[in-house]
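Working notes, structure below.
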Amino acid sequence: MLSKFLKRYYSMNISHIRNGLLILLIGLFASFCVVQRSPVTGKKRAYGYSWEKEKEIGKEANQQVQQQYGVYNNEQVSNYVKDIGQKVLSVSHLRREDTPQEYKDTKFHYQVLNSPVANAFALPGGYVYITRGLLGYLENEAQLAVVLGHETGHVAARHASQQAFEQQVGQIALIGGAVAGQELLGVPGQSILNLGSQAAKYLFLSYSRDDEREADRLGVEYAAMQHYRAKDAAGFFEALKRLTEKSGQSIPDWQSTHPDPSERANTIPQLAQQWKEKGYEQNVEHTDKYMQTIDGIVYGDNPREGFSRDGKFYHPDLKFQFNFPDSWQIVNQPNLVAAVNKDQDAVSIMQVDSKSESPQASVIEYVSQDGYTVQSQGKVTNNGLNGYEAVANATADNGTEYRFYVYSVSYNKNIYRFISYCVADKFAAYKPLFVKTSNSFKALTDQSILDIKPVRLQTIKVKNPAPFSSFLPDKLPMDITKEEIAILNQLKLNDTVEKGSWIKIPRQ
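Here the sequence shown stands for residues 5 to 512, where the numbers follow the working numbering.
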């Protein structure tokens, strides 16, 4: 659970994605609503902001999303997703003959995020994202087309802008959720620290069920118009249902704005049939092309980008390591590494300081913020690396006093800064842990860790029919279970895989 203490941290650091989005949205919400024609229905309706404002929101928030999740660095996969995205976009309501020019002229961006979570979402104004994690759960190009069509539908129907108009100012956090993204799983999103408080979960529940059903309809429509076998997406939603049940993340049906995955699995084929009756043959699935494209895609967390083991955090790509206290939880994000204690009243957050030229400049820049009072500071040397440290106080808006231990160190042409803090009256107890954690930062020299490889999906075309379980190795990497891989393949362990079918097996 994300404690009030951690929430205060993010209120004091507005560069993080959630606060950046909310501040942006609150400013936009304060302006008058606009009345424009819907690209989907052609009817006039009220929106929270104009289409031009939506494009501004998307452009600014896109940078924060990329910083938060990172972009998956695989040109083949990236270009493939862009191509399919543009294909469904070309038949969408944003590109039709009677579409107003301001919509036609809007450039769309389809991006693959470097996240293991099965997720897809869209920002207003033409920014659509799918994670590498979700790509692993798809079976063919037709399923991908429906997913990208669904997210394109959210943008075309201007659902986030509708919600901005309909929500009260006191519910502005929910609008932030609509912009920040929706998980196709129907599972709430997580906080920036991935700790999953109730408040953070509901940030992602702002689209209405009608919005989600409309996006499903549009996703099928756009895919069917390009003759994709849209009904195949039912298998994807069945897999997501099994995944949510297995992970224990499913939430009561009445709490979620997403239709139940079973409902969606039943509805998708019905929607596809309606478009078939309108004359759109749907025979394109391109399984071979899809499987060849995702062959070798990273599955799960990539240890090269950092992992924790036995009280140590290692980063093979950046070649550093540091220790953290027993029972503290490590949260690894592309833009930060945080160690949080079990009671969540103390935290140590490390980030690369790309602005400062020295450890001293890095520390002084941080403790020189308005409201900070420096208690002590000075140069230090640890593990042969030059560093600088300071202790400072700061008072939150509610009057609570916090005390910070800030430590920066120079290593491999980067400046790494640790910001460790707690309420002032607990600082004496936590300071030794803060110092021990940050001062343990050093070069990573263990060759076995430096050489560690991520798990990748190997796609295989089956030559002889056999039960799916027979294709799985006795020992799977990273504690992955056989049931997980069955779900990944939209199969059950005892299902017979026919000759010519494709399967995905994790290898390390």
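Glycine is no exception: its CB is placed at the ideal position from the N, C-alpha and C atoms.
A365 and K48 have their alpha carbons spaced roughly 55 Å apart.
Around the Cβ of T399, a 10 Å sphere holds fewer than 16 other Cβ atoms; the residue is exposed. Here Y411 is near S442, since their CB atoms are less than 7 Å apart. CA-to-CA, the gap between F438 and Q333 works out to about 14 Å. Y51 is bridged by DSSP to V38.
Contact between the region 449–458 and the region 500–507 is absent: fewer than three C-beta pairs spanning the two stretches fall below 8 Å. Taking all protein chains in view, the Cβ of V39 is surrounded by fewer than 16 other Cβ atoms within 10 Å, so the residue is classified as exposed.
When the five nearest sequence neighbours on each side are left out, the beta carbons in the same chain lying within less than 7 Å of the beta carbon of N306 are those of P458, in order along the chain. Within its own chain, no residue has a Cβ closer than 6 Å to the Cβ of D401 once the five positions on either side in sequence are excluded. Taking 7 Å as the cut-off, the beta carbon of M482 is found closer than this to the beta carbon of G304.
For V413, the pairing in a beta bridge is given by DSSP as G391, Y420. Within the DSSP secondary-structure output, Y107 pairs in no beta bridge. By the neighbour-count criterion, in which 16 or more other beta carbons inside 10 Å mark a residue as buried, Q72 falls on the buried side. Distance from the Cα of K293 is smallest, within the candidate group E225, I464, Q67, G74, for I464. Per DSSP, M482 is not a residue of any alpha helix (DSSP H), being assigned neither H nor E. K57 and T110 do not touch by the CB rule: their CB atoms are close to 13 Å apart, not below 8 Å. Scanning its chain for C-beta atoms nearer than 7 Å, with the 5 sequence neighbours on each side dropped, one finds around G62 the residues L127, P128, G129, G130, Y131, in chain order. Apart from sequence neighbours up to five positions away, the residues of its chain that approach F317 with a beta-carbon distance below 7 Å are G310, Q325, F326, F328, I334, V341, ordered along the chain. In this structure, L476 and K486 form a Cβ contact; the two beta carbons are roughly 5 Å apart against a cut-off of 8 Å. Between D215 and H290, the gap from beta carbon to beta carbon reaches 7 Å or more. Of all C-beta pairs linking the region 239–250 to the region 273–281, fewer than three are shorter than 8 Å, placing the two stretches out of contact. Residue pairing by DSSP places F125 opposite Y133 in a beta bridge. In this structure, P471 lies near N498, with their beta-carbon atoms less than 7 Å apart.
The beta-bridge partner set that DSSP reports for Y232 consists of V288. Judged by DSSP in its simplified three-state form, F431 adopts helix.
Uninterrupted beta strand (DSSP E) stretches at least 3 residues long and entirely within the region 314–339 occur at 316–319, 324–327, 333–337, given in chain order.
Residue state for N66 is assigned as helix, using DSSP reduced to three classes. Bridge partners of W506 according to DSSP: K465. Put simply, the backbone Cα of L152 is about 12 Å away from that of A160. When C-alpha distances from Q355 are compared across Q348, N418, R246, V378, the shortest belongs to N418.
DSSP, reduced to helix, strand and coil, places T271 within a helical segment of the structure shown.
Pairing L117 with V85, the inter-Cα distance amounts to about 11 Å. If you draw a straight line from the Cα of A343 to the Cα of S352, it is about 5 Å long. Residues Y226, M229, Q230 of the same chain have their beta carbon placed closer than 7 Å to that of V95, with the five preceding and five following residues left out of the count.
If you draw a straight line from the Cα of Q70 to the Cα of T156, it comes to about 19 Å. For I353, the uninterrupted beta strand (DSSP E) segment begins and ends at 350–356.
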